[in-house]
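Colleague: Here it is, the structure, as structure tokens.
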Amino acid sequence: MAIAKPVTATSPMPAVQDEAIRVTDLHKSFGPLEVLRGVSLTAHKGDVVAIIGGSGSGKSTLLRCINFLETPSSGRIAVNGEEIEMRADGSPVNRRQIERIRTRLGMVFQAFNLWTHRTLLENVIEVPVYVLKVPRAEAIERARVLLDRVGLGDKADVFPSFLSGGQQQRAAIARALAVDPSVMLFDEPTSALDPELVGEVLTVIRDLAAEGRTMLLVTHEMKFAREVASHVVYLFEGRIEEQGPPAELFGNPKSARLKQFLQTVG
Ligand code: ADP
Ligand code: MG
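Numbering follows UniProt numbering, in which position 12 of the sequence shown is assigned residue number 12; successive positions increment by one, without gaps.
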């Protein structure tokens, strides 16, 4: 049986100091459906990259490939200058590397994804204690600080089902922060929320941006993207149709598709 060689064995990607995420020519198909058709993007440390695009354009798939919740079909991904070793078919060479890199990525999904049978505090300490082997007392101390930061200091011992969607999502953000990730990945963190709860979650994300957290943020909140993003990427059918600084992209879009998209969501 032929074993595919890792791409990196023959062509190492230079590690660039201030790069948080670099995606190069990423492709992903589900059977015959080509969802990502050659996406390349770079997020430098401190960047807030907003990813916008219509439903089905591949936004979630892109984020999920970056932390290998989906296996790319081909392409290259580097986190903090460390390239993920993939075979020619996109499969990871080294599971341990994936696990290690994942702990540098904090992911927040559309649905809050908290463990329902655990309190908020237990949710937040889970990965630090059981995966990263942080001493329990230390993890608890840090979890309390994080819950405080997202305005849930008094809810540490409460189970998720007793909380509003906005509170649950803020807890999910605290949980993602518990590993002190170098990059936060947000996939439409407010789209499952009642409108009156959106603001409290955006406030937390805005604060993270203001303190220089690197993030990739898939969002339908165009006003928010314009306000917090340092760079905006517009995906159309699995390709980057246009990208640039928010003032350019929103204020002076060049692509007809982007213009039309902004009219429909704006
Ligand atoms: P977006 O987040 O931009 O709405 P997605 O990345 O979720 O788009 O999906 C892009 C396309 O890929 C859609 O057509 C979707 O149905 C398809 N897709 C996503 N995940 C899977 C999967 N696990 N299996 C098959 N098709 C999928
Ligand atoms: Mg999506």
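Quick reminder that beta carbons are idealized off the backbone N, C-alpha and C, glycines included.
A quick note: this is a predicted structure, and the numbers were derived from the prediction, not measured.
Would you mind sorting Gly166 into buried or exposed? The rule is 16 or more other CB atoms within 10 Å of its CB.
Modeller: Classification for Gly166: buried.
Colleague: Hey, would you say the C-beta of Lys59 is under 7 Å away from at least one heavy atom of the ligand MG?
Modeller: Checking every heavy atom of the ligand MG against the Cβ of Lys59, one is found closer than 7 Å.
Colleague: Just curious, the beta strand (DSSP E) that Val49 is in, first and last residue?
Modeller: Its beta strand (DSSP E) spans residues 48-53.
Colleague: Are Leu258 and Glu241 touching if we call contact CB-CB under 8 Å?
Modeller: The answer is yes: Cβ separation under 8 Å.
Colleague: Cβ-heavy atom distance between Asp187 and the ligand MG below 7 Å?
Modeller: Yes, the beta carbon of Asp187 sits closer than 7 Å to at least one heavy atom of the ligand MG.
Colleague: Is Ala210 buried or exposed, if buried means 16 or more other CB atoms sit within 10 Å of its CB?
Modeller: Exposed, because fewer than 16 other Cβ atoms sit within 10 Å of the Cβ of Ala210.
Colleague: In the DSSP assignment, what are the bridge partners of Leu36?
Modeller: DSSP output for Leu36 lists Lys28 as bridge partner(s).
Colleague: Quick check on DSSP: helix, strand or coil for Ala78?
Modeller: Strand.
Colleague: Please indicate yes or no: does the CB of residue 322 lie closer than 7 Å to some heavy atom of the ligand ADP?
Modeller: In the structure as shown, the chain starts at 1 and stops at 266, and residue 322 therefore has no counterpart that could be examined.
Colleague: Do you know whose CA, among Leu41, Leu208, Pro32, Glu99, lies nearest Ser73's CA?
Modeller: Nearest option by C-alpha distance: Pro32.
Colleague: Find the nearest neighbour of Ala139 within the set Gly151, Glu122, Lys155, judged by alpha-carbon distance.
Modeller: Ranking the options by Cα distance to Ala139, first place goes to Glu122.
Colleague: Quick check on the burial criterion: 16 or more other C-beta atoms within 10 angstroms. Buried or exposed for Arg213?
Modeller: With 16 or more Cβ atoms within 10 Å of its Cβ, Arg213 is classed as buried.
Colleague: The ligand ADP and Phe30: does any heavy atom of the ligand fall closer than 7 Å to the residue's C-beta?
Modeller: Phe30 Cβ: within cutoff of the ligand ADP.
Colleague: Is Glu196 closer than 8 Å to Thr219 when the C-beta atoms are compared?
Modeller: Their beta carbons are not under 8 Å apart, which means Thr219 does not touch Glu196 by this criterion.
Colleague: Here's the rule I'm using: 16 or more other beta-carbon atoms within 10 Å means buried, otherwise exposed. How should residue 353 be labelled?
Modeller: The question about residue 353 has no answer, for the chain in this structure spans 1 to 266.
Colleague: Quick check: the segment 99-113 against the segment 171-187, are there 3 or more CB pairs under 8 Å?
Modeller: With the cut-off at 8 Å, the segment 99-113 and the segment 171-187 touch.
Colleague: What is the rounded straight-line gap between the Cα of Thr119 and the Cα of Lys155?
Modeller: C-alpha separation (whole angstroms): 9 Å.
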